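Take a look at the structure below.
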Amino acid sequence: MDPERFERILLGGERRYTRLEVVEKTGVPLERATRLWRALGFATVGDDEVVFTDADVDAVRTADQLISSGLLDARLEPAVTRALGQHLSRLAEWQVHMLWTLIRENDELRRDDKQVELLVKGLVPELQRVQNFVWRRHLTAFAGRALTSTEENPDARTEVAGFVDMVGYTRLTRRIGEAQLSAILDRFEALATEVVADHHGRIVKMIGDEVLFVADSPSDAAEIALALTEQASADPAAPDVRAGMAAGRILSRFGDVYGSVVNLAARLTSVAHPGTILVDRELARELATARGYSVRPRRSVSVRGYNRLRPYALRRG
1 MDPERFERIL LGGERRYTRL EVVEKTGVPL ERATRLWRAL GFATVGDDEV VFTDADVDAV
61 RTADQLISSG LLDARLEPAV TRALGQHLSR LAEWQVHMLW TLIRENDELR RDDKQVELLV
121 KGLVPELQRV QNFVWRRHLT AFAGRALTST EENPDARTEV AGFVDMVGYT RLTRRIGEAQ
181 LSAILDRFEA LATEVVADHH GRIVKMIGDE VLFVADSPSD AAEIALALTE QASADPAAPD
241 VRAGMAAGRI LSRFGDVYGS VVNLAARLTS VAHPGTILVD RELARELATA RGYSVRPRRS
301 VSVRGYNRLR PYALRRG
């Protein structure tokens, strides 16, 4: 298939403008427009390069209107743009991989560029519709939590942060092929997504062999960690997992979470044995009076940032 024709289908139009022409059409200063473009994750282009489409002009104009209206704080503009670029670039990479796999495995599509063109023309609008639906659903869920929260600062909440990672992942990558590794990672991601959603948690991000999640209540977090370790242990084709969790104030910022509680959960995960769950003192105290759980202290350990960290082992009681 002609690369330029394929590009026009995906972009929704032809490259027609240089960055100076975009600035002229939108009235947005060149420095600011360039900063936004780079924050989205795209390389800087020369003044004479014809790169931008009508849709790019509309996007710059819309972003400028959002800031001018006061809806979006100008100080947050670069961070918001970076978050959009980072999350959507990962989504786009996965979607292209999915499309190329489909074409590669279909002899008829490989031989007929016209069919590929028709497929892409029909697929892109459908993907947009699905993405819009999912976005609105998540928007509703997060808005509901914000409206019912009693916290003064909606960006900083008292929650539980947890990490679950696959044990022996580095050794595993040396022993198996790419296809098998991909299948194991897909299974781990699917399991994590299902379990976290079933127990009212939220996945913050998947980091290869590790998932970072947050939950509003200690019992929800406990069920997530226990279910993940139990189901991974029961699957002979999957490696064991281990988990670490901590409770306290967590700062949420543009889709990620920060703070000492998150760091502590990561350190606990690093010293957990296969199939075990370690929690901090605060979460252990919360779970000690909850039915169905057993929390026992372990020997203090030294990890980065904590000289004498006392972990507690969580099990079903």
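So in full-length UniProt numbering, spot 31 of the sequence shown is number 31, and the numbers just go up one at a time.
Even glycine gets a Cβ: it sits at the ideal position worked out from N, Cα and C.
Every value quoted in this text rests on a predicted model; they were computed, and no experiment measured them.
Under the three-state reduction of DSSP, Asn263 is assigned to helix.
Closest by C-alpha distance to Arg310, out of Glu77, Arg174 and Arg299, is Arg299. With contacts defined as CB atoms closer than 8 Å, Ala238 and Ile224 fail to qualify as a contacting pair. Relative to the Cα of Arg61, the nearest Cα in the group Arg38, Thr44, Ala39 and Pro29 belongs to Pro29. Exposure of Gly317 is indicated by the presence of fewer than 16 other C-beta atoms within 10 angstroms of its C-beta.
The beta carbon of Thr173 lies closer than 8 Å to those of Leu181 in the same chain, with the five residues before and after it left out.
One Cα belongs to Leu76, the other to Arg285, and the distance between them is close to 38 Å.
In the three-state reduction of the DSSP assignment, Val80 falls in the helix class, which pools H, G and I. Using a Cβ distance threshold of 8 Å, Leu228 and Val167 do not count as a contacting pair. Note on the UniProt domain "Guanylate cyclase" (160-269): whole beta strand (DSSP E) runs with a minimum of 3 residues are 202-207, 210-215, 241-253 and 256-258, in chain order.
Distance between Ala222 and Lys205, taken at the CA atoms: about 19 Å.
Only residues of its own chain outside the window of five on either side were considered, and among them Leu72 have a CB closer than 7 Å to the CB of Leu66, listed in chain order. Less than 8 Å separates the beta-carbon of Val261 from that of Ala247. Within the stretch 284-317, the complete beta strand (DSSP E) runs of at least 3 residues fall at 293-297, 301-303, 306-309 and 312-316. Annotation for Leu278: the continuous beta strand (DSSP E) segment containing it runs Ile277 to Val279. Per the DSSP secondary-structure output, Thr158 pairs in a beta bridge with Arg249. Counting along the chain, Phe42 sits inside no alpha helix (DSSP H), nor does DSSP assign it H or E at all. Distance from the CA atom of Gly46 to the CA atom of Pro78, rounded to whole angstroms, is 21 Å. With contacts defined by Cβ atoms closer than 8 Å, Val124 and Leu11 do not form a contacting pair. With a beta-carbon spacing of about 14 Å, Ile207 and Val196 fall beyond the 8 Å limit used to define contacts.
Between Leu251 and Gly259, the beta carbon gap of about 5 Å places them in contact (Cβ cut-off 8 Å). Counted as a single uninterrupted DSSP element, the alpha helix (DSSP H) harbouring Glu24 occupies residues Arg19 to Thr26.
If you check the CB distance, Leu264 and Ala313 do not come in under 8 Å. Looking at the backbone, the Cα of Ala183 and that of Lys121 are separated by about 29 Å. Within the stretch 54-100, the runs of alpha helix (DSSP H) that reach at least 4 residues and sit entirely inside it are, in chain order, 54-68. With 16 or more other Cβ atoms inside 10 Å of its own Cβ, Arg242 counts as buried. Contact annotation: Thr44 and Thr34 have beta-carbon atoms nearer than 8 Å. The residue among Asp280, Val116, Arg175 and Lys114 with its C-alpha nearest the C-alpha of Ala266 is Asp280. Phe52 places its beta carbon less than 8 Å from that of Tyr17. Here Ala55 is not near Gly85, since their CB atoms are 8 Å or more apart.
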